[in-house]
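These notes are about the structure you will find just below.
2 protein chains.
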Amino acid sequence: MRVLGIDPGSRVTGFGVLDIAGQQQLYVASGCIKTPPGATLPVRVASLLDGIAEVCKHYQPDVAAVELVFVNVNPQSTLMLGQARGAVLAGLVHAGLPISEYTALQVKQAVVGNGHADKTQVQHMVQRLLRLNGLPQADAADALAVALTHAQNAGSALKQLGSGLKMRRGRLT
Amino acid sequence: MRVLGIDPGSRVTGFGVLDIAGQQQLYVASGCIKTPPGATLPVRVASLLDGIAEVCKHYQPDVAAVELVFVNVNPQSTLMLGQARGAVLAGLVHAGLPISEYTALQVKQAVVGNGHADKTQVQHMVQRLLRLNGLPQADAADALAVALTHAQNAGSALKQLGSGLKMRRGRLT
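Protein chains in written order, with our numbering: chain A, 867 to 1039; chain B, 867 to 1039.
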């Protein structure tokens, strides 16, 4: 299964692609979609849609995992972030991907083992878990961390199934 | 020219379609796109995208006019509204429509002549200006008001052109 992790932002949206192979997570790619500075909102939405479409077309992920947004103190920033997030989700829906959402707390807990870890710790653990040669860029690291969180969750759901839990209509019972 | 006016909301998104024929604005249609209550965000984004696509396919507008969102006191509501707005803009970008944005102040000024008019006044003026038999439903009225605002702006830009202003590369100089 190939997972596309996304960390949406009003200026920079990070993405990270992983393959889950059994208990292993293999790094495929990561990067960021930058929206043109000073552009109007419709232009920024269009560039996010184009970016997401390109990433989906190029890497052909099976599922998407998106970070649930931290509500900012500044209402205008919160609105901007919400708009970017809406556009990103629209791009993923358009690409036909199932979407899971994870809070920053869940992501830090899954990757660092501490819900209050800082950005640098997340970067270091992403590098270690994915055996990368260098430290990934911050936005890409966050996106890879979301993808890793999904990989862990998907893995543990399968493990639970294996240990005797039952599914009915696609749900664990 | 056919204008699609949109009033985005996290639960209900109003739309209104007008034809501009010279100085006249002719009512074509209006209604609202409701997102399933209690649904997850990806499902709500998908239903907004489907709704916008259906309206664009059915009424074939030439341009879209969207109300600029009022920043709410509640950060969570602001985020939800932003996400809905991002999805709506994504739908319009996807339909290939040029998008204009108007603040609530501009809309009320254009339709009622008073930037601090209330919702009921907007509804009544929309009914009068478009010679409707009944009072339009509130979300539809707001969307029609945004479309009317765009019609007035488009009209006055043309009038200015006629009165001796020059355009260069598509811009007034």
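All residues carry an ideal CB built from backbone N, CA and C; glycine is no exception.
Distance, B/Thr901 Cα to B/Asp885 Cα: 27 Å
Cβ-based neighbour list, A/His1016, same chain, cut-off 6 Å, excluding 5 preceding and 5 following: Val869, Ala931, Ser966
Under the three-state DSSP convention, the category A/Gln890 falls into: strand
Bridge partner(s) assigned by DSSP for B/Leu884: B/Val869, B/Tyr893
CB contact flag (A/Gln889, A/Leu1014, <8 Å): no
Given B/Asp1005 as reference, the closest of B/Arg997, B/Gly904, B/Thr986 once Cα atoms are compared: B/Thr986
Residues of its chain near A/Leu958, where Cβ-Cβ distance is below 7 Å and the 5 sequence neighbours each way are ignored: Ile918, Ala930, Ile965
Rounded separation between A/Gln975 and A/Leu995 - CA only: 14 Å
Counted within 10 angstroms of its Cβ, other Cβ atoms place A/Gln942 as buried (16 or more) or exposed: exposed
Within 7 Å of chain A by C-beta, residues of the stretch 882-909 of chain B in sequence order: Leu907, Pro908
Inter-residue Cα distance where the pair is B/Thr906 and A/Gln993: 32 Å
Proximal chain B residues relative to A/Ile965, where beta-carbon distance stays under 7 Å: Pro908
Of the listed residues B/Val935, B/Pro903, B/Gly897, B/Val939, nearest to B/Glu920 (C-alpha basis): B/Gly897
Continuous beta strand (DSSP E) stretch holding B/Ala931: start and end: 929-933
Partner residues on chain B for A/Lys935, Cβ-Cβ distance less than 8 Å: What sits at residue 935 of chain A in the sequence shown is Val, not Lys. Going along chain B in sequence order, the residues near A/Val935 (Cβ under 8 Å) are Leu945.
Short CB-CB distance (under 8 Å) between B/Leu870 and chain A: no
Which listed residue (B/Asn999, B/Leu955, B/Leu945) has its alpha carbon closest to that of A/Ser913: B/Leu955
Residues near B/Arg910 by beta carbon distance below 6 Å, same chain, minus five either side: Thr901
Own chain, CB closer than 8 Å to A/Tyr925, minus 5 neighbours either side, in chain order: Arg868, Leu870, Val883, Val894, Ala895
Helix, strand or coil at B/Tyr878 according to DSSP, with G and I counted as helix: The identity of residue 878 of chain B in the sequence shown is Val, whereas the question assumes Tyr. Of the three classes helix, strand and coil, the one that applies to B/Val878 here is strand, per DSSP.
Contact set between B/Arg997 and chain A, taken where Cβ atoms lie within less than 9 Å: Those do not exist, as B/Arg997 stays about 31 Å from chain A at its closest Cβ, beyond 9 Å.
Within chain A, the residues that B/Val911 reaches when beta carbons sit closer than 7 Å: Gly952, Leu955, Ala956, Val959
CB contact below 8 Å: A/Gly948 versus chain B: yes
Interface residues of chain B facing A/Gln942 [CB-CB closer than 8 Å]: Val937
B/Ala970, enclosing alpha helix (DSSP H) - first and last residue: 970-977
CB contact below 8 Å: A/Leu971 versus chain B: no
Cross-chain neighbours of B/Leu1010 in chain A, by beta carbon under 9 Å: By Cβ distance, chain A contributes nothing, its closest Cβ being about 21 Å from B/Leu1010, past 9 Å.
From B/Ala1011, B/Gln989, B/Leu915, B/Leu947, residue whose alpha carbon lies closest to that of B/Arg877: B/Leu947
Through-space distance from B/Val978 to A/Ala953, alpha-carbon basis: 32 Å
Contact test: B/Ala953 Cβ vs the ligand SAH heavy atom, cutoff 7 Å: Among the components of this structure there are no ligands whatsoever, and the ligand SAH is therefore not found.
Continuous alpha helix (DSSP H) stretch holding A/Ala919: start and end: 907-925
Contacts around B/Val937, its chain only, beta-carbon distance under 6 Å, and the 5 residues preceding and following it disregarded: Thr944
Residues near A/Asn940 in its chain [Cβ-Cβ closer than 6 Å; skip 5 each side]: none
With 16 other Cβ atoms within 10 Å as the buried cut-off, status of A/Ala1009: buried
Cutoff 8 Å; reference A/Pro903; Cβ partners in own chain excluding five residues on either side: Arg877
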